[in-house]
Amino acid sequence: MSIDNIIFLLIVGVLFLYIILALVRSLRLVPARMEFIVERFGRYNTTLDAGFHFLIPFVDRVAFTQDLKEHTMDVPPQTCFTKDEIQVEVDGVIYLQVIDSQKASYGITDFQYASIQL
């Protein structure tokens, strides 16, 4: 074998390995109670729900992952006044669940923080 053949085989091997890795990375398994937001060329394309999915290599990418489970968040205590001018400290718990993954990803920067600010 000449040095040219060795270099050619090395280049072909590296390209083959790169293509195989790209194909493996394009296979996505979305767990139950999760959704993946897919962008194609940087724009929203689709929402993947639970299951096995194939993405187009170098074109599609998973931009966001949203958990559809119910989350509990503790609201920090706040002081307020009643009608009869008595000071009361109020504490609360918020239960959140994402209904629309696209709006939760693109509509607001941090929906959990915004929910606490009510």
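Residue numbers (the numbering used here): 3 to 120.
Every residue gets a Cβ at the ideal spot worked out from N, C-alpha and C, and that includes glycine.
What first and last residue would you give for the beta strand (DSSP E) that runs through residue i?
i          : result
residue 31 : 29-32
residue 80 : 73-83
residue 89 : 89-98
Buried or exposed, going by whether 16 or more other CB atoms sit within 10 Å of the CB of residue i?
i           : result
residue 107 : buried
residue 50  : buried
residue 14  : exposed
residue 101 : exposed
residue 62  : buried
residue 39  : buried
residue 91  : exposed
residue 72  : exposed
residue 37  : buried
Mind checking which residues open and close the alpha helix (DSSP H) that includes residue i?
i           : result
residue 113 : 113-118
Short of 7 Å in beta carbon distance, which residues of its chain neighbour residue i, apart from the five on each side in sequence? Order them along the chain.
i          : result
residue 54 : 31
Quick one: grab the DSSP three-state call for residue i.
i          : result
residue 62 : strand
residue 25 : helix
residue 5  : helix
residue 50 : strand
residue 43 : coil
Can you give me the Cβ contacts of residue i inside the same chain, cut-off strictly under 8 Å, excluding the 5 residues immediately before and after it?
i           : result
residue 28  : 56, 57, 58, 59, 62
residue 116 : 110
residue 83  : 89, 90
Nearer than 7 Å: is that true of the beta carbon of residue i relative to any heavy atom of the ligand FMN?
i          : result
residue 22 : In the structure on display, the ligand FMN does not appear, and there are no ligands present to speak of.
Kindly list the residues whose CB is nearer than 6 Å to the CB of residue i, restricted to its own chain and excluding five residues on each side of it in sequence; keep chain order.
i          : result
residue 66 : 39, 107
Is it a yes or a no for the stretch 84-104 touching the stretch 36-51, going by three-plus beta-carbon pairs under 8 Å?
yes
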